[in-house]
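For our numbering, count along the sequence shown from 1 and bump the result up by 78.
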Amino acid sequence: MAVLWGGRFTKETDDAVFAFNESLSFDRRLYKTDITGSLAHAEMLGKQGIISEKEASDIKEGLLSILKDIESGALEFDPKCEDIHSFVEANLIKRIGDAGKKLHTGRSRNDQVALDMKIYTRDEIDTIDSLLKELLNVLLKQMEKNTDTYMPAFTHLQKAQPTNLAHYLGAYAEMFLRDKDRLKDIRKRLNLSPLGAGALCGTTYNLDRDFVAEKLGFDTATFNSMDSVSDRDYLIETLSAISIIMMHLSRFSEEIIIWNSNEYRFVEIDDAYSTGSSIMPQKKNPDIAELVRGKTGRTYGDLISLLTTMKGLPLAYNKDMQEDKEVAFDSFDTVKDCLHLFAGMLDTITFNKDVMAVSAMKGFTNATDAADYLVKKGMPFRDAHSVIGKLVLTCIDKNCAIEDLSLDELKELSELFDEDVYDAISLKTCVERRMTKGAPGEIIDAIKHYKDLI
Ligand code: ARG
């Protein structure tokens, strides 16, 4: 066992205690950010004269060689080290000797781990943001191809009014654009460097915290050292934003699963994104969509887990906070996989335009428009609603659509009906004349607007 704090102890840590306490098995993925942070810290120590320039450059060389060796596989993580910080420091001392022992001057693992997690999370936010962009580009492409693909829109999962597929998909574009915005907001709020907060109350060394902050791409150093080492708000916010992204993907997946069902047949998922059954040869299952929907649950779990970990913690650092890592990493990995696979599935899906249009024509999706027709001819809306209600009953009886009735049959319910009713309630009119801002008839403008935002 190699620990950084052996001096005060007269006994070796119990094996089970070491195994329970260690974090190298999962925080090893912070190796690059840890080294990046240490490089900035060492440079600052040299610049401030806290260590010599020679020591600073030896440390730099040593750290860079560790990074290179980890990446090439020449250096393996040593399970005897407690965490990634101990591992890098122990290796540095092995490589450069006494100068390596000075790296931790004016620093604690508390501000070090706070820094590492912030840099790591910031990078993950950037990756998730570009995956959202990739998905939005696929969505926009599908929208442009489907501005005149008519389909029913639903409330209560019952056919309500007709729309076009581009308008339907546009609702998801709105969600993913809000997700991007949320990430941008979180990134801005997290971008203060905690390094130099020390264990919790700063240090008597003449550190230049803002120099380190700037080197590492932060806007400034933090303003309270206790908060710096105990703040995990940015992680909770990020897990929350990820949960919302997953909720959006899950709703979208649910639509695809329904649309892919034998009863709907609105879509055909590409063979590359479907799986079969081991027993039923006819099956082609929407497993990707189902897994995305299923994995949403674990990201909610990660968020609730971290919120619960933090709720009882007094200031400042407490070891409970080591529990932030596995849940954060799990959510980062999950959302990245899901965004990528979902974009691929959406890019290759086939929309059965004819089936969608036929479905839109059945189920009285033009009933509102028929009522509006009578209103435009002078009937109060409430009366028109009642007339069309009766008309729908007649159609159900005759097993036909409103437009299948002859003008005489329509006139039996209202004298206001005329030959122009058929055009007024046609699918094309119902969709394309809905020209209020945000409605399907305005979809071309909306697409232009989304393109500017991505
Ligand atoms: N592995 C620890 C964590 O992830 C690093 C910080 C350790 N600090 C301490 N005071 N024991 O939180």
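Think of the CB as a built atom: it goes at the ideal place given N, C-alpha and C, for glycine as much as any other residue. Bear in mind that the values here come from a model prediction, so they are computed numbers and not experimental data.
Taking the Cα positions, Lys515 is about 36 Å away from Glu490. Its Cα nearest to that of Leu268, the residue Ala291 stands out among Leu285, Ala291, Arg256. Here the segment 241 to 257 makes no contact with the segment 279 to 295; the two share fewer than three CB pairs at distances below 8 Å. A distance of 7 Å or more separates the beta carbons of Lys196 and Ala80. For Thr227, no alpha helix (DSSP H) segment is defined, and its DSSP state is neither H nor E. The Cβ atoms of Leu193 and Asn224 lie no closer than 7 Å to each other.
Short of 8 Å from the beta carbon of Leu210, and not among the five residues preceding or following it, lie these beta carbons of its own chain, in chain order: Phe254, Asp257, Lys258, Leu261, Ile323, Leu417. Note that the segment 429 to 446 does not touch the segment 400 to 420; fewer than 3 beta-carbon pairs, one per stretch, sit closer than 8 Å. Fully contained in the segment 104 to 139 are the following alpha helix (DSSP H) runs of length 4 or more, in chain order: 109 to 125.
Fully contained in the segment 451 to 485 are the following alpha helix (DSSP H) runs of length 4 or more, in chain order: 459 to 476.
Closest in alpha carbon position to Lys266, among Gln236, His234, Arg512, Thr316, is Thr316.
Closest by C-alpha distance to Thr377, out of Gly354, Tyr395, Lys414, is Lys414. The beta-carbon separation of Ile162 and Tyr109, rounded to 6 Å, stays under the 8 Å limit for a contact.
In this chain, the alpha helix (DSSP H) harbouring Thr426 covers 402 to 426. Relative to Asp311, the option among Ile171, His326, Arg512, Lys389 whose CA is nearest is Lys389. No heavy atom of the ligand ARG is found nearer than 6 Å to the CB of Val509.
With contacts defined by Cβ atoms closer than 7 Å, Asp398 and Leu391 form a contacting pair. The alpha-carbon of Gly456 is positioned some 52 Å away from that of Asn363. One Cα belongs to Leu102, the other to Phe155, and the distance between them is close to 8 Å. Taking a C-beta distance under 7 Å as the contact criterion, Asp402 and Leu327 do not qualify as a contact pair. Inclusion of Phe420 and Val345 in the CB contact set at 7 Å is not warranted, their separation being larger than that value.
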